[in-house]
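Engineer: Protein chains in written order, with numbering that gives the first Met the number 0: chain U, 0 to 255; chain V, 0 to 269. For every residue, glycine included, the Cβ atom is placed at its ideal position computed from N, Cα and C. From a predicted model like this one, the values you see are computed outputs, not experimental measurements. Mind having a look at this structure? Questions to follow.
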Amino acid sequence: MATQTEQGATLGNSGAAISFVKLTKQYRTQKAVNDLSFDVAPGRITGLIGPNGAGKSTALRCLLGLATPTSGEAKILGAHYSELHNPMSRIGAVLDSRAFNGGLTARQNLLVLTAAAGIDDSRVAEVLAQVDLTAAANKRVKGFSLGMKQRLSLAGALLGNPEILILDEPANGLDPIGIAWLRGFLRELAVEGRTILVSSHQLAELEHTIDDVVILHQGTLIAAGTKAEITQGRSLEEAFLALTLAANANPGLGGN
Amino acid sequence: MNFAALLKSEFRKLIYARSTWWLLAGATAFASLSIAVMPVVLTAGFTSSALGAGSPLMNQDVVNAMYGKATAGYYFAMILGAMILAGEFAKGTAIATFLAAPKRQSVLFAKITIAALTGLAVQLVSAAIAALVGTLVLGAYQHVNPSASAFGDLTLTAIISGVVMGLIGLSVGALIKNQTASIVTLLAWMFLIDPILTAVLGSMQNEGSKYLFTSLIAGMMDLHISSVASKNPMSSIEFLPPLVSVALLVGYAAVLVATALSTSMRRDID
Chain U
0 MATQTEQGAT
10 LGNSGAAISF
20 VKLTKQYRTQ
30 KAVNDLSFDV
40 APGRITGLIG
50 PNGAGKSTAL
60 RCLLGLATPT
70 SGEAKILGAH
80 YSELHNPMSR
90 IGAVLDSRAF
100 NGGLTARQNL
110 LVLTAAAGID
120 DSRVAEVLAQ
130 VDLTAAANKR
140 VKGFSLGMKQ
150 RLSLAGALLG
160 NPEILILDEP
170 ANGLDPIGIA
180 WLRGFLRELA
190 VEGRTILVSS
200 HQLAELEHTI
210 DDVVILHQGT
220 LIAAGTKAEI
230 TQGRSLEEAF
240 LALTLAANAN
250 PGLGGN
Chain V
0 MNFAALLKSE
10 FRKLIYARST
20 WWLLAGATAF
30 ASLSIAVMPV
40 VLTAGFTSSA
50 LGAGSPLMNQ
60 DVVNAMYGKA
70 TAGYYFAMIL
80 GAMILAGEFA
90 KGTAIATFLA
100 APKRQSVLFA
110 KITIAALTGL
120 AVQLVSAAIA
130 ALVGTLVLGA
140 YQHVNPSASA
150 FGDLTLTAII
160 SGVVMGLIGL
170 SVGALIKNQT
180 ASIVTLLAWM
190 FLIDPILTAV
200 LGSMQNEGSK
210 YLFTSLIAGM
220 MDLHISSVAS
230 KNPMSSIEFL
240 PPLVSVALLV
250 GYAAVLVATA
260 LSTSMRRDID
């Protein structure tokens, strides 16, 4: 039975905002993601964590229709991303901070997106203000620092004022000030009731931000649950290391 | 997904990019130079006193052919076509594009439309300016006027060559995906491989040479002179008639576009 969130989103039968069901993605001989199944509950911040090469980005690319799963499926709001009508107004995604044309200004890059998604151009100034980039709106992106590019990516994701945000390594390359800014920013978004799925291998950065945890290791799910269930009084880093060591010792075991 | 919205987005990408304007300027300069040197070259062997009735510029077919050079900027239409899709991967913007509009077929059809329109615009603008330059240069020589239909034929040639070359560029960009490699491939084919094949096949009196890319383009460009096929300077084989050349080039473009569509629909975006 589908349910409605406060923002009017139709959820899948499980009530999950995002669901992965037996998702596998194989590149030639290597399985990047192996039989991955988990749900993301609406209105919560879920951390998708794992070391580099764990399959986090591949899983998110399959979720967003950028890569075709070898088997299984991933759905958002009960549908495949490509089936959603006007997806940018419901889902915002940051997958790569280089996803903008360096020769264009920040404003021009966002205007390209508003045109494609049928979003009013007035949103461009609003989201640039939201990520503190108003002063750089008419500067070419190739002159931006990595932190500014990350913020511009977030601005792009927020153009449609989406109820779900999917962020892949949003803190990559950020300095401590940038990471602190990002943490506060994610909290603000969560307070507004948005569902956020954020991937990272920087555990300290996520520790105080997330509600739920999903841990991937070598393409396989090794743990999923609330932060309290997973950490059991330890730090997130300690819990992660213990779980990955256990997974290395028993490579056949997935877990939840 | 609203197709008009996708066209608007693609249009914005083009007009915001400096490279678009540089390539348009390049097409205009190249076409203008191609036409401007013609009177100089054609009258090079003539003394000033001989420049009169015997001058090649007193032959209307020659003057018509000179104006035909105004469409020489088609290489730039082809490069712009390649950049419309391959540029997305070179700049890393493909992810944002397909997140904003995940129905790939719609995005690709919008790009096909924009590539055709861009090629058309580049050719019309560069040909119009080059024809004006040609008229100014020709004014310094004794000459006959071009035929009454010359400018109509020139416009038709610019439109057809712009659309076809824009689409061929887009297709090669979609197939190769790497922007630099796709542009180098296009130019290498046009300036190196195709002429070598033409010369080799021509020396063997092989009729296959007239079905090669550059021969078809040369045949297509003859629209402005007449419907009579002209000779390939690199072989004794005649070019195909203009309309047949156009039909074959459109066919090549259609096959390339279909192949590009099928590969782009299946490909993972990274």
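Could you pull out every unbroken alpha helix (DSSP H) segment of at least 4 residues lying fully inside the segment 11-97 of chain V, listed in chain order?
Structural biologist: DSSP runs (the alpha helix (DSSP H)) wholly in the segment 11-97 of chain V: 17-41, 59-67, 73-90.
Engineer: If I'm right that G46 of chain U touches S199 of chain U with Cβ under 8 Å, what's the distance once you round it to whole angstroms?
Structural biologist: At roughly 7 Å, the Cβ-Cβ gap stays under 8 Å, so G46 of chain U and S199 of chain U are in contact.
Engineer: If you scan the segment 42-68 of chain U from start to end, which runs of the alpha helix (DSSP H) of 4 or more residues do you find wholly inside it?
Structural biologist: 55-62, all fully within the segment 42-68 of chain U.
Engineer: Residues in the same chain with beta-carbon distance under 7 Å from I224 of chain V, minus the five sequence neighbours each way, listed in chain order, please.
Structural biologist: Note that I224 of chain V has pLDDT 42, beneath the 50 cutoff, so the model's placement of it is unreliable and the number below is only indicative. Excluding sequence neighbours, I224 of chain V sits near D60, N63, A64, G67.
Engineer: Would you kindly report the start and end of the unbroken alpha helix (DSSP H) that includes I17 of chain U?
Structural biologist: Unbroken run through I17 of chain U is the beta strand (DSSP E), 17-26; no alpha helix (DSSP H).
Engineer: For a quick check, are the C-beta atoms of A115 of chain U and A100 of chain V less than 8 Å apart?
Structural biologist: The answer is yes: Cβ separation under 8 Å.
Engineer: When the Cβ atoms of the segment 19-38 of chain U are set against those of the segment 190-197 of chain U, are three or more pairs found closer than 8 Å?
Structural biologist: No, the segment 19-38 of chain U does not touch the segment 190-197 of chain U.
Engineer: Which residue wins for smallest C-alpha separation from A40 of chain U, given the options U:F19, U:N51, U:R27?
Structural biologist: If we check each option's Cα against that of A40 of chain U, U:F19 comes out closest.
Engineer: According to the Cβ coordinates, are D267 of chain V and T67 of chain U closer than 8 Å?
Structural biologist: Yes, Cβ-Cβ distance for D267 of chain V and T67 of chain U is below 8 Å.
Engineer: Less than 8 Å between the beta carbons of L132 of chain U and L151 of chain U, yes or no?
Structural biologist: Yes.
Engineer: Is it buried or exposed for V40 of chain V, if we count other Cβ within 10 angstroms and need 16 for buried?
Structural biologist: V40 of chain V comes out exposed.
Engineer: In the DSSP assignment, the alpha helix (DSSP H) including V136 of chain V goes from what residue to what residue?
Structural biologist: From DSSP, the alpha helix (DSSP H) with V136 of chain V extends over 103-137.
Engineer: Got a sec, what are the start and stop residues for the alpha helix (DSSP H) K226 of chain U sits in?
Structural biologist: K226 of chain U -> alpha helix (DSSP H) spans 226-230.
Engineer: Return no unless some Cβ of chain U is closer than 8 Å to the Cβ of T96 of chain V.
Structural biologist: Closer than 8 Å: yes.
Engineer: Give the range of the beta strand (DSSP E) segment to which S244 of chain V is assigned.
Structural biologist: Per DSSP, S244 of chain V belongs to no beta strand (DSSP E); it is in the alpha helix (DSSP H), 241-265.
Engineer: How should V32 of chain U be labelled, buried or exposed, when 16 other C-beta atoms within 10 angstroms of its C-beta is the threshold for buried?
Structural biologist: The residue in question, V32 of chain U, is buried, as its Cβ has 16 or more Cβ neighbours within 10 Å.
Engineer: Given G147 of chain U, which residues of its chain have a CB within under 7 Å of its CB, disregarding the five upstream and five downstream residues?
Structural biologist: Here residue 147 of chain U turns out to be Met, not Gly, going by the sequence shown. Excluding positions up to five away in sequence, the list reads L132, A135.
Engineer: Opposite Q29 of chain U in the DSSP bridges: which residues?
Structural biologist: In the DSSP output, where bridge partners are listed per residue, Q29 of chain U has U:Y26.
Engineer: Please report the straight-line C-alpha distance between S170 of chain V and I178 of chain U, rounded to a whole angstrom.
Structural biologist: Looking at the two C-alpha atoms, the distance is approximately 42 Å.
Engineer: Which residue wins for smallest C-alpha separation from I175 of chain V, given the options V:A81, V:T117, V:W21?
Structural biologist: Ranking the options by Cα distance to I175 of chain V, first place goes to V:A81.
Engineer: State yes or no: is the beta carbon of M147 of chain U nearer than 8 Å to at least one beta carbon in chain B?
Structural biologist: Here the protein chains are U and V, and chain B is not one of them.
Engineer: Can the beta-carbon of I216 of chain V be found closer than 8 Å to that of I78 of chain V?
Structural biologist: Against a cut-off of 8 Å, the Cβ pair of I78 of chain V and I216 of chain V comes out as no contact.
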